[in-house]
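Residue numbers (the numbering used here): 882 to 1124.
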């Protein structure tokens, strides 16, 4: 109807379009907040591991390996179950996702830092008596910006999917707060009689994840054109070999 473009939910009478719009704010907000947490922790751990001494590198690298090996969904479910129910759920979901999925970024930052610290200007800064924090802030972090932004752009769509999965399983965002995953859970009751209530949030979730993935690929191409060139060269060689 003119008042309810996508209809209303059965029993509750809540406008579906309004919930989709509000759910976008929650789902995207959780995903972006989780990405920020992942970037902060991953960059801090990766830089410390790559720039620190051998003992620091070993300890932080083993901790990163443990984080990477943890099954994300299982560990997130366990954490969500033990946190008091009064804690703001969107904030909790963002923290849980961010704190259990920073390992991949930390490994990338560590590898880049090990390469960067051997450069002449970084070595000169160390010989000049600069502290580790000053070197990291003035020399390492600016050089790490491109790979970190690229990786963060690819993390956002993954985090949206994880948030939706946690909400769908009943341990994420709780009603009456709307998120796309929580809307999928609500539609599970009547989707056989009215499948549109399931298709609307699922379709919006799919389009958003696809758009963010394409955006992430575009950011990677813009910030690291050499990776695209290497991919094209490799593809061309494979075609020549087949011919």
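Using N, Cα and C, we set each Cβ at its ideal position, and we do this for glycine too. Quantities reported herein were computed from a predicted structural model and do not represent experimental measurements.
Within 8 Å, strictly: CB atoms of residue i and residue j
i	j	result
residue 1068	residue 1079	yes
residue 978	residue 1029	no
residue 971	residue 1054	yes
residue 1007	residue 927	no
residue 901	residue 1085	yes
residue 1062	residue 1083	no
residue 997	residue 1024	yes
residue 1059	residue 904	yes
residue 994	residue 1101	no
Contact set for residue i: own chain, Cβ-Cβ below 8 Å, skip 5 residues either direction
i	result
residue 1090	1038, 1041, 1042
residue 1017	928, 932
residue 961	973, 974, 977, 1047, 1052, 1053
residue 988	927, 945, 949
6 Å CB neighbourhood of residue i in its chain, flanking five on each side removed
i	result
residue 882	Note that residue 882 scores 47 on pLDDT, short of 50, meaning its location in the model is unreliable; the coordinates nonetheless yield the value given after this. Closer than 6 Å at the Cβ level, and outside the excluded window around residue 882, lies no residue.
residue 975	911, 914, 915
residue 1035	1097
residue 938	930
residue 1065	1049, 1082
residue 1092	none
Whole-number beta carbon distance between residue j and residue i, since they are thought to touch under 8 Å
i	j	result
residue 932	residue 982	With a Cβ gap of about 23 Å, residue 932 and residue 982 do not count as contacting.
residue 980	residue 907	Rounded, the Cβ-Cβ distance is 19 Å, inconsistent with contact.
residue 958	residue 1027	No, residue 958 and residue 1027 are not in contact; Cβ-Cβ is about 34 Å, not under 8 Å.
is_contact[residue i, chain B] using C-beta, thresh 8 Å
i	result
residue 918	Although the question refers to chain B, the structure presented lacks it and comprises just one protein chain.
Sequence-distant residues of the same chain with beta carbon closer than 7 Å to residue i, five excluded per side
i	result
residue 920	986, 1029, 1033
residue 941	926, 929, 930
residue 951	981
Go through the segment 895-966 residue by residue and report every complete run of the alpha helix (DSSP H) that reaches 4 residues or more, in order.
897-932, 935-950, 953-963
Taking the runs of the alpha helix (DSSP H) that are 4 residues or longer, which of them lie wholly in the segment 1058-1104?
1061-1068, 1077-1104
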